[in-house]
Amino acid sequence: MKHNRYDKNEESLRRLLRQKRTEMGLTQEALAAILDKPQSFVSKYESGERLLSFVETVTVCRALGIPPHALLKEYLPNHDT
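The working numbering puts the first residue of the sequence shown at -1, with every later residue one more than the last.
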């Protein structure tokens, strides 16, 4: 299955991760520092220029202090599959 970074589900996940970051009061730079990544890493996945793997999504969740299952629980009610 080919991934499309402009897919509505990918966009919804990006929006949710960005929302969680801002709710935590973190800038892209601050989150990137926690992840030990450049700021462009956060910018690129939030803008859709880059897709996150499952493992990277879990890592971002943990950096935000969100249990990955809680993010999925919030994401899934808005999507059929």
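Even for Gly, the Cβ is constructed at its ideal location relative to N, Cα and C.
Discussion item. I'd like the ranges of any alpha helix (DSSP H) spanning at least 4 consecutive residues and lying wholly in the segment 19 to 71.
Written reply: 26 to 33, 37 to 45, 52 to 61
Discussion item. For E72 and L33, I'd like the C-alpha separation in whole angstroms.
Written reply: 22 Å
Worksheet item: Ordered along the chain, which non-local residues of its own chain (more than five positions away) have a Cβ less than 6 Å from that of Q17?
Response: Once the five neighbours on either side are set aside, Q17 has no close Cβ partner at all.
Worksheet item: Considering only the beta carbon of each residue, do M22 and L70 sit closer than 8 Å?
Response: no
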